[in-house]
Every structure is written in structure tokens, then in C-alpha cells.
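First residue of the sequence shown? That's 249 in this note's numbering, and the numbers climb one at a time after it. Every residue gets a Cβ at the ideal spot worked out from N, C-alpha and C, and that includes glycine. Remember, it's a predicted structure, so these values are computed and weren't measured experimentally. Following: one structure in C-alpha cells, then a few remarks.
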Amino acid sequence: MGLSTVTLQVGNPASPDVTEAVAFLIDSGAIYSIVPSAVLERLGITPLAAEQFHLADGTTITRKKGIALFRYGDRVGGADAIFGEDEDSTLLGVTTLEALGLSLDPIRRQLRPVPLILAAV
249 MGLSTVTLQV GNPASPDVTE AVAFLIDSGA IYSIVPSAVL ERLGITPLAA
299 EQFHLADGTT ITRKKGIALF RYGDRVGGAD AIFGEDEDST LLGVTTLEAL
349 GLSLDPIRRQ LRPVPLILAA V
């Protein structure tokens, strides 16, 4: 396979016209997206909580979590953003992909639109 990367615009939901381009490694196995803390702070995004996360090697780390706006082309969505530290990779996780209505095509290594489905009542 290989690594898939993409550049998205990241913004503060309170000021959606101000964004910053961020290059992400697409990790459809990760739940959350990790954005460098410096980017989130420049955008005025503040942490709402600190959470513990379990890594693949069994270690546990604590990171701050806030909410960011993500744009990819004409698609826009809000999702949790983890305040990445210097040693953290910048990752695009599945909740952000879902918020944008996208999934990763692992063969072509491209983002593809997915049908947005609401449950019938």
C-alpha cells in the first residue's frame, strides 16, 4: 500500500473564514485527528478537555482536545481536534473524514465521497 497524505484547511468554528492549510497523514484507523497545537492556538481554538489516549505500543498519553472546522474542496465539517505536541504526527482520523462525508480509497490512495445517510424514523 503506502502512505496517503492530504492538505486540508483548518479553522475555528467561531471564525470560519480564517483558516490555515495543514498537511495530514490519512489514518483511517485513528478515531481523532491530530493538529499541531501551534496551529490550533493561532486560530484561537481553545482546549475543551484533556483526555487520555492509548497508543498501539500500550502506552497512555494525555492530550488536550478541542473542536475545529475542516475544509476539503467544497466540503466542510466540524470535528474533535487533538492538540498535537512536537513528537506527534499530524493525522487525519475517521471522525473528521466522516464529518466531511469522505472515506479513503486504499487502492488509489485518494479521498472519495460517501453517501450521507440519516436513519428513517
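Asked	Found
7 Å Cβ cutoff met for G332 and I282	yes
Alpha carbon of M258 to alpha carbon of F318, nearest angstrom	First, the residue type needs correcting, since residue 258 is Val and not Met in the sequence shown. One C-alpha to the other measures close to 5 Å.
Cα-Cα separation, E346 to I274	13 Å
Residue interval of the alpha helix (DSSP H) (run including V287)	S285 to R290
N- and C-terminal bounds of the alpha helix (DSSP H) containing V270	Looking at the DSSP string, V270 is not in any alpha helix (DSSP H); the run it does join, the beta strand (DSSP E), is S263 to I274.
Supposed close pair D328, T343 - CB separation, criterion 8 Å	6 Å
Same chain, Cβ closer than 8 Å to L303, five either side skipped, listed in chain order	I309
Exposed unless 16 or more other CB atoms sit within 10 angstroms - verdict on L288	buried
Residues that DSSP places opposite S351 in a beta bridge	R360
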